[in-house]
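K.L.:
If you read the sequence shown in numbering that gives the first Met the number 0, its first letter stands for residue 0, the second for the next number, and so on.
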Amino acid sequence: MAGHPATLGELARRVPAIAATAPLVAVPLSAGYWYGLRSLPVIDECGLPVGILRRDELTAWVRQNDGWVTVERPSRVHELSRPPRAIWRAEEPWRLMLGRFREGLPSAGDECLVVDEEGRYVGIVTTIDLLRRAATIA
Numbered sequence: 000m001a002g003h004p005a006t007l008g009e010l011a012r013r014v015p016a017i018a019a020t021a022p023l024v025a026v027p028l029s030a031g032y033w034y035g036l037r038s039l040p041v042i043d044e045c046g047l048p049v050g051i052l053r054r055d056e057l058t059a060w061v062r063q064n065d066g067w068v069t070v071e072r073p074s075r076v077h078e079l080s081r082p083p084r085a086i087w088r089a090e091e092p093w094r095l096m097l098g099r100f101r102e103g104l105p106s107a108g109d110e111c112l113v114v115d116e117e118g119r120y121v122g123i124v125t126t127i128d129l130l131r132r133a134a135t136i137a
């Protein structure tokens with residue numbers, strides 16, 4: 000179908016990633032910064048995804064630490080981030096990912112990272128994105 004995205008790369012949201020070495024205190028908590036998502040991608044210096052940073056975990060960190068950073072507590076994004084639940088290639092058909100969501104791999108609430116042929120982060124796709132796409136062709 001002309002004009003409709005066929006691959007995950009075409010469907011992915013181009014959400015900016017956070018550098019793994021960035022200080023946690025520098026990551027804004029404002030909803031606008033998070034683009035309506037509950038987590039954001041974390042990348043290394045080469046643009047490769049190394050994790051995700053969840054907004055609720057960052058909020059809890061801020062509340063616990065009152066902005067103070069000590070040796071025992073995380074101070075950099077990579078220290079609080081967790082591995083991404085799924086990383087898919089941009090050239091994969093979006094229908095393939097929809098099938099994986101139906102199988103629970105990953106779960107319906109997860110944001111999945113999309114990478115290019117060199118493994119560099121290019122965007123995020125969510126279950127909602129896939130369901131909206133499926134609804135437009137149903």
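We put the beta carbon where it would ideally sit given N, CA and C, even for glycine. Keep in mind the model is a prediction, meaning the values are calculated, not measured.
Suppose you measure from the CA of Ser-74 to the CA of Thr-135; what does that come to, to the nearest Å?
P.N.:
Roughly 43 Å separates the two Cα atoms.
K.L.:
Report the three-state DSSP secondary structure of Thr-126 (helix, strand or coil).
P.N.:
Three-state result, Thr-126: helix.
K.L.:
Select from Leu-95, Val-24, Ala-16 and Phe-100 the residue whose C-alpha is nearest the C-alpha of Val-61.
P.N.:
Among Leu-95, Val-24, Ala-16 and Phe-100, the Cα nearest to that of Val-61 belongs to Val-24.
K.L.:
Using DSSP with H/G/I as helix, E/B as strand and the rest coil, what is Val-76?
P.N.:
Correct three-state label for Val-76: helix.
K.L.:
Quick one: what does DSSP say Val-13 is sitting in, helix, strand or coil?
P.N.:
The amino acid occupying residue 13 in the given sequence is Arg; Val does not appear at that position. The answer is coil: DSSP assigns Arg-13 none of H, G, I, E or B.
K.L.:
Which value, in whole angstroms, describes the spacing of the CA atoms of Arg-94 and Thr-6?
P.N.:
Approximately 8 Å between the Cα atoms of the pair.
K.L.:
On the three-state DSSP scale, how would you describe Leu-95?
P.N.:
In this structure, Leu-95 counts as helix in the three-state DSSP scheme.
K.L.:
Can you list, in chain order, the residues of its chain with a C-beta nearer than 8 Å to that of Leu-57? Leave out the 5 residues immediately preceding and following it.
P.N.:
So the list reads Leu-23, Val-26, Leu-28 and Leu-79, once near-sequence residues are dropped.
K.L.:
Does the beta-carbon of Ile-51 have 16 or more other beta-carbons within 10 angstroms, so that it is buried, or is it exposed?
P.N.:
Flag for Ile-51 reads buried.
K.L.:
Pull up the distance between the alpha-carbon of Ala-21 and that of Arg-101, whole angstroms please.
P.N.:
Approximately 35 Å, taken between the alpha carbons.
K.L.:
With a cut-off of 8 Å on the beta carbons, I'd call Ala-16 and Leu-36 a contact; round off their distance for me.
P.N.:
So it is not a contact: roughly 12 Å between Cβ atoms.
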